[in-house]
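Take a look at the structure set out below.
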Amino acid sequence: MNEDEVRNLLGKAASGPVDVDQVDPEAIVRAGRRGAARRQGGIALAGGAAAVLALAAAVGIPMALGGDGEQTASGGAAPEDLPTAPVEDDFLAQWNRADGGDCPVPDGQTDEQQRTAAAYNEAFFAGLAALGAEPLGSCLTTRPDYDGFYYSDDYTSYYVEESVAFGGEDLDWAKVTGSIWETGGVNYESQMESEECDYNAGAICSWVDTEAGRVLLVEGTRSDFVNPDTESGGSVELPVVSAFLFREDVVVALGFSLHFESDLDGPSADQVIELVQSIPVGEQAPEVELPAEGDLADELAGAIANAVPGAVVDTGSAELVRLDADVAEYGGPVYGSEATHMMFVLAELESGETVRFFLQAEPVEGAGEESEEAAASYAQCPDAECDVAVVNPWDISVHRTIAGERPSLTALEYRTGDGWMIGVGVETVDAAVVPPVDFATLDAIVAALH
Amino acid sequence: MTPESEREFRDYVESRRGALLRTAFLTCGDWHRAEDAVQTSLIKLYGAWNRTRRETTDAYTRRILANALIDQTRRGWFRRESSYADPPDQPGDASGADDQTEAAAILARLPLKQRATLVLRFWEDQSVEQTARILHCSTGTVKSNTARGLKTLRDHYAKSNLASQGSK
C-alpha cells in the first residue's frame, strides 16, 4: 500500500457531508469568554498573594536590621533624593524564573507537581550552567511553553523544552528537550531503542550501564526544524546527543539538538548522561521557596564579595525600589526609566571607604531587535558617557560613566536571548569621586548574577 | 479580547471547522467525538488567540486537537460512545456510504497513536518533524508508528473491496 493509496483511503473515510453547524462559532466564543473570566479570577487571586508577599518582604527589612527601622524608614541604601515607586508585584518572580523567560505559568499544576517540577528544574538548570549553556528564555508561539519542567496531564509526564546558548563568537545554540515518565511496570528499553534507533538513519545508539540504571545513548544526527518555534525553513539533519535513563520505575530522557555555527564542541555523551542522572526522581520534593527581596540582596552581596576582595557588604542596608517616572527630571544621575528595578546596598571596601553598589534590571520590550541601539537606550546613554560593545552574538555590553555630583561607573549587559538588561554600578556615598572599582570588576559581578 | 479579535476568531472557526471535523473524525472515527474534540480545541484556542501568531495558528490548533482526542480516550469516551468501527449513518448514495464505511472500518484496526500519525502525515500533509511536534513524541516514534500503521493497513486493505476497486 503506497502513500497515495493511504491518502485515497483517508479521503474515502472522510467523504460525505459534514455537519459544520455542530461547531457553532457563537457558542465557542461564549464558552471561551467564560473560560477567560475564570482565568482572570485566578490571576487576580495570584496577584493578591504576590502583593501580600511584597508587604511581608517590606516588613521583614527592619527585622533584618535588628530592629533599627530608621535607615529603612529613610530609604535604606538608596539615594534619598531618588524618585522611586513601589516594586512591581511580579518582579522578583520574573527575576527568579529558571529559564530567564517570561512565558505563561502552566494552568492546573498541583502543589506536588509544582514542587516536583521545581526540584527537576533546580538540577536541570544547574547542570546546563555547568555545561556552559545559558537559557535563552524565549517563549514559543506555536505551542505551550513554560518555565523549565512542567507536568502534562495530556501525556501524564513531565516535559521540558528550552533553547540554550553556548558561549563563543558564533551563534551556537541547542534545543534541549526532555521528558520524565513513570513506567507503570512497562519495559520501555526495547521500545525506545526501536523508535530512536531503528527509524533514524543517522542515529548511532549504544547502551551504557550506570549505577542509576541502563542508559540508551543516541548520538549522530537527526532531522529537526531549522526554527523549532515557527517551523519556518523546514528541517535539516542536526547533530544530536540524547540519553534515556531507565531507572527502576521511571524513565528520564534528555536530548540536545545542536544548532552550532562554529566548531565548538557541544555537550559530550558523558555530560548528558551525568545530567540525566542528576535529575532527582523518586525523591520527596522540597517545598517551593517563594522569591524574596533578601535572596536578591544575598545574590548581589555574594557576587560583590567574590569580585571585590576585602569588601564587606552590609546586606541589612539593601533596598529594592522601582524608579519613578519623574526620574528623568529629578536632576541626579539617571540610571534607568520607570521600568527599571534597582537594588542598592552599602559596602565597605578594603581601603575603608564606604560605597554604594547598585543592581539595575529590566526586561527589554521587543528583545533582539537593533540590539546595540536598544542597549544604549536602556542604559540612558544620551545622558552619560557610554562604551557599547558586542561581546558575542547574544550579549551587548555597555560601560557607562556618569559624571556630576554623584559620579558612578556601571557595567551593563543586554542579554538578547532572554531579553534582560542587567547592570551593576558603584558610586561614592559622601564624596564626588568615583570609587576605586573598575569596569572589569563590575563586569565580573554582572556575569555572576541571574 | 477586542471585538476585532473576536471577529477574526469567528472567521477562523467558520473557515476551518469543516476541515477540523474531518481530521478529528479520521483520528477518532466518531462524528460526535469529533465534534466534541473540535469544540474543546477551539475553546482553548479562544483563550490563546491573542498570544498566537496567525501564521502558526493552524499548527497550534492541530496540536490542541490531537491532545483533545487523546484526552478523550483517557476519559473513557470509547466505553461510553459508539466505536470507530460502527460509524453513524451518512446521507448520500448507497455505494458511496459503503465505501466510506469500509474505509473507516479499515482505519479502525489501527491503535489511536498510529491512526493519528497517519492522519497527520497523509491527510494533513505534515512532515515527520511537524507530526512529532504535534503528537509530542520523537521523530523516531512518528516513523515507527507510520511504518507499523502502514503495515496494518496494507494487510487489511488488501482483503477489502476498496483494493479491488483500486486495481480496476
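The listed protein sequences correspond, in order, to chains R and U.
Sequential numbering from 1 applies to the first sequence in my numbering.
Sequential numbering from 1001 applies to the second sequence in my numbering.
Just so you know, even glycine gets a beta-carbon here, dropped at the ideal spot from N, CA and C.
When you compare only the Cα positions, how much space is there between residue 1101 of chain U and residue 242 of chain R? 43 angstroms
Looking only at its chain, what residues have a beta carbon closer than 6 angstroms to the beta carbon of residue 146 of chain R, apart from the 5 residues adjacent to it on each side? Excluding residues within five positions, the ones whose Cβ falls inside 6 angstroms are 103, 106.
Give the interface partners of residue 1236 of chain U over in chain R, defined as CB-CB distance under 8 angstroms, in chain order. Beyond the ends of chain U as shown, which are 1001 and 1168, falls residue 1236 of chain U; an answer cannot be given.
Continuous beta strand (DSSP E) assignments of at least 3 residues falling wholly in the segment 93-167 of chain R: Taking only runs of at least 3 residues, the beta strand (DSSP E) segments lying wholly in the segment 93-167 of chain R are 133-135, 150-152, 157-166.
In three-state terms, what does DSSP make of residue 330 of chain R? coil
Pick helix, strand or coil for residue 48 of chain R, following the three-state DSSP scheme. Confidence at residue 48 of chain R is low in this model, with a pLDDT of 42, below 50, so the placement of that residue should be treated as unreliable; the coordinate-derived value is given next. Of the three classes helix, strand and coil, the one that applies to residue 48 of chain R here is helix, per DSSP.
Rounded to whole angstroms, what is the Cα-Cα separation between residue 1111 of chain U and residue 15 of chain R? Linking residue 1111 of chain U to residue 15 of chain R through their CA atoms gives a straight-line distance of about 21 angstroms.
Which of helix, strand or coil DSSP assigns to residue 1002 of chain U: coil
Are the CB atoms of residue 341 of chain R and residue 18 of chain R within a distance shorter than 8 angstroms? no
With a threshold of 8 angstroms between beta-carbons, can residue 6 of chain R be considered close to chain U, or not? yes
Mind checking the segment 13-37 of chain R against chain U and listing, in chain order, the residues whose C-beta falls within less than 7 angstroms of any C-beta there? 13, 14, 15, 16, 17, 18, 20, 22, 23, 25, 28, 29, 31, 32, 35, 36
Residues of chain R with CB closer than 8 angstroms to the CB of residue 1006 of chain U, please, in chain order. 29
Residue 1143 of chain U: contacting residues in chain R (beta-carbon distance under 9 angstroms): 195, 198, 199, 200
Can you confirm whether residue 1116 of chain U, when its beta carbon is compared against all beta carbons of chain R, has any partner nearer than 8 angstroms? no
Under 8 angstroms between C-beta atoms of residue 234 of chain R and residue 240 of chain R: With respect to residue 240 of chain R, residue 234 of chain R sits apart: the two C-beta atoms are not nearer than 8 angstroms.
Near residue 304 of chain R, which residues of its chain fall below 7 angstroms by C-beta distance, leaving aside the five closest residues on each side in sequence? 311, 313, 347, 357, 445
Between the segment 1030-1040 of chain U and the segment 324-341 of chain R, are three or more C-beta pairs nearer than 8 angstroms? no
Around the Cβ of residue 224 of chain R, are there at least 16 other Cβ atoms within 10 angstroms (buried) or fewer (exposed)? buried
Give me the residue from R:187, R:253, R:440, R:249 with the minimum Cα distance to residue 218 of chain R. Ranking R:187, R:253, R:440, R:249 by Cα distance to residue 218 of chain R puts R:253 first.
Hey, how far is the Cα of residue 325 of chain R from the Cα of residue 83 of chain R? Rounded to whole angstroms, residue 325 of chain R to residue 83 of chain R spans 8 angstroms at the Cα level.
Three or more C-beta pairs under 8 angstroms: does that hold for the segment 1107-1124 of chain U against the segment 1136-1154 of chain U? yes
Could you name the residues of the segment 308-341 of chain R whose beta carbon sits closer than 9 angstroms to any beta carbon of chain U, in the order they occur along the chain? none
Using a Cβ cut-off of 8 angstroms, pull out every chain R residue sitting near residue 1120 of chain U, in sequence order please. Simply none; closest approach about 11 angstroms.
Pick out whichever of R:158, R:280, R:398 has its Cα sitting closest to the Cα of residue 374 of chain R. Among R:158, R:280, R:398, the Cα nearest to that of residue 374 of chain R belongs to R:398.
Along the chain, where does the alpha helix (DSSP H) that runs through residue 439 of chain R open and close? 439-448 is the span of the alpha helix (DSSP H), which, as asked, contains residue 439 of chain R.
Residues of chain U with CB under 9 angstroms from residue 231 of chain R, in chain order? 1056, 1059, 1127, 1129, 1130, 1133
Taking DSSP as the reference, what is the three-state secondary structure of residue 190 of chain R? helix
What number of angstroms, rounded off, separates the C-alpha of residue 1023 of chain U from the C-alpha of residue 21 of chain R? CA-CA distance, residue 1023 of chain U to residue 21 of chain R, rounds to 16 angstroms.
Residue 1151 of chain U to residue 1006 of chain U, Cα distance in whole Å? 45 angstroms
Residues near residue 1020 of chain U in its chain [Cβ-Cβ closer than 6 angstroms; skip 5 each side]: 1038
Would you report the Cα separation of residue 192 of chain R and residue 1043 of chain U, rounded to the nearest angstrom? For residue 192 of chain R and residue 1043 of chain U, the distance between alpha carbons rounds to 35 angstroms.
Classification of residue 30 of chain R by the beta-carbon crowding that lies within 10 angstroms, buried from 16 upward: Burial is judged here by how many other beta carbons sit within 10 angstroms of a residue's own beta carbon; residue 30 of chain R has fewer than 16 and is exposed.
Do three or more CB pairs link the segment 90-99 of chain R to the segment 257-273 of chain R at distances below 8 angstroms? no
Verify whether the separation of the beta carbon atoms of residue 401 of chain R and residue 385 of chain R is less than 8 angstroms. Yes, they are a contact pair.
Run down chain U in chain order and give the residues with a C-beta less than 8 angstroms from the C-beta of residue 224 of chain R. For residue 224 of chain R, the neighbours in chain U by C-beta distance under 8 angstroms run, in chain order, 1129, 1139.
Between which two residues does the alpha helix (DSSP H) holding residue 306 of chain R run? 293-307
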